[in-house]
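Engineer: The structure is given below, and queries will be raised subsequently.
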Amino acid sequence: EPEVTQTPSHQVTQMGQEVILRCVPISNHLYFYWYRQILGQKVEFLVSFYNNEISEKSEIFDDQFSVERPDGSNFTLKIRSTKLEDSAMYFCASSEGPRLGGFFGSGTQLSVL
Amino acid sequence: EDKVVQSPLSLVVHEGDTVTLNCSYEVTNFRSLLWYKQEKKAPTFLFMLTSSGIEKKSGRLSSILDKKELFSILNITATQTGDSAIYLCAVVRDTGNQFYFGTGTSLTVIP
């Protein structure tokens with residue numbers, strides 16, 4: 059069964075460092091998303107990406123964040139200068155079309171020390 | 024402000040029981056409501072509901088949407104320990120791709 063793959067599963071970094079979280083969406087999907095879930099809180103939308111550009115982003119997705127699809131398969135989330143409050147589980151998701159039920163990856167647990 | 028509220032926050036039942044999980048929403052330009060099951064990490068998609076009154080069913084799970092009263096329920100019959108998980112409700116608007124999630128209902132099924 060096709061799945062969304064995320065790497066690494068766990069990332070520990072020092073405050074102020076840059077991190078790149080990687081995702082391989084399902085191959086025939088066209089819409090890609092990043093969400094995060096701080097421990098004990100709800101899943102929060104960060105950004106959606108379609109046709110090689112951001113289609114929507116939330117207030118959380120400020121200038122510290124960027125997304126890229128560097129090749130035909132990978133989809134990355136970069137956090138330029140991490141803060142303690144960036145510690146969370148980051149989920150990548152993809153879907154065939156807009157506003158459809160997305161398939162989620164198993165997440166990257168980011169810990170900022 | 025758009026809101027998605029789930030209840031109860033947590034629930035403990037015995038195997039074989041039937042449970043009903045609730046999700047109410049206040050979202051402008053509503054398009055669809057989705058249910059997910061989150062076990063260890065990744066939410067897995069269960070249902071997408073767009074029309075009122077039409078039940079979606081998958082095995083022991085079923086769900087229905089009421090667009091007039093702005094809520095949905097997820098029913099699980101004959102619960103099993105494998106149903107233990109957090110059940111998430113999310114709403115998407117007609118415009119944009121953002122999914123608004125509720126805080127989830129934590130279901131524990133004990134043998």
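Those sequence lines, one after another, are chains C and E.
If you're matching positions, the first sequence starts at 59 in this note's numbering and goes up one per residue.
If you're matching positions, the second sequence starts at 24 in this note's numbering and goes up one per residue.
Note that the Cβ used here is the ideal one computed from N, Cα and C, for glycine as well.
1) Given a limit of 9 angstroms on CB to CB distance, which residues of the region 61-79 of chain E reach chain C?
2) Within 8 angstroms of any Cβ in chain E, is that where the Cβ of residue 100 of chain C sits?
3) Should residue 60 of chain C be labelled buried (16 or more other beta-carbon atoms within 10 Å of its own) or exposed?
4) Give me the chain E residues within the contact set of residue 103 of chain C, using Cβ-Cβ distance strictly less than 7 angstroms, ordered along the chain.
5) Could you name the residues of chain E that residue 157 of chain C contacts, counting a contact when the two beta carbons are closer than 7 angstroms?
6) Can you tell which of C:124, C:170, C:76 and C:67 has its C-alpha closest to the C-alpha of residue 91 of chain C?
7) Using a cut-off of 7 angstroms between C-beta atoms, extract the partners of residue 105 of chain E located in chain C.
8) As a quick exercise: from C:119, C:79, C:138 and C:115, pick the residue whose alpha carbon is nearest that of residue 120 of chain E.
9) Is residue 118 of chain E helix, strand or coil when you go by DSSP?
10) Give the single residue among C:122, C:99, C:118 and C:133 whose Cα lies nearest to the Cα of residue 111 of chain C.
11) Rounded to a whole number of angstroms, what is the C-alpha to C-alpha distance between residue 144 of chain C and residue 121 of chain C?
12) In terms of alpha-carbon separation, which member of C:95, C:66, C:79 and C:69 lies closest to residue 128 of chain C?
13) Please list the terminal residues of the continuous beta strand (DSSP E) segment that includes residue 66 of chain E.
14) Please report the distance separating the alpha-carbon of residue 47 of chain E from that of residue 62 of chain C.
15) Output yes or no for whether 8 angstroms exceeds the beta carbon distance between residue 61 of chain E and residue 112 of chain E.
16) Applying the 10 Å Cβ sphere with the 16-neighbour rule, what's the burial state of residue 83 of chain C?
17) Name the chain E residues that come within less than 8 angstroms of residue 114 of chain C, Cβ to Cβ?
18) Does any CB atom of chain E fall closer than 8 angstroms to the CB of residue 89 of chain C?
19) If contact means a Cβ-Cβ distance below 7 angstroms, which residues of the region 83-111 of chain E contact chain C?
20) Here's the rule: buried if 16 or more other CB atoms are within 10 angstroms of the residue's CB, otherwise exposed. What is residue 166 of chain C?
21) Measure from the alpha carbon of residue 81 of chain C to the alpha carbon of each residue in C:100, C:64 and C:89, then state which is nearest.
22) Going by beta-carbon coordinates alone, are residue 168 of chain C and residue 69 of chain C separated by less than 8 angstroms?
23) Is the separation between the beta-carbon of residue 86 of chain E and that of residue 75 of chain E shorter than 8 angstroms?
24) Residue 93 of chain E to residue 73 of chain E, Cα distance in whole Å?
Structural biologist: Taking the coordinates as given:
1) 61, 63, 64, 65, 66, 67, 68, 69, 70 and 71
2) yes
3) exposed
4) 121 and 122
5) 54, 55, 115 and 120
6) C:124
7) Those do not exist, as residue 105 of chain E stays about 18 angstroms from chain C at its closest Cβ, beyond 7 angstroms.
8) C:115
9) coil
10) C:133
11) 13 angstroms
12) C:79
13) 66-72
14) 29 angstroms
15) no
16) buried
17) 119, 120 and 121
18) yes
19) 111
20) buried
21) C:64
22) yes
23) no
24) 12 angstroms
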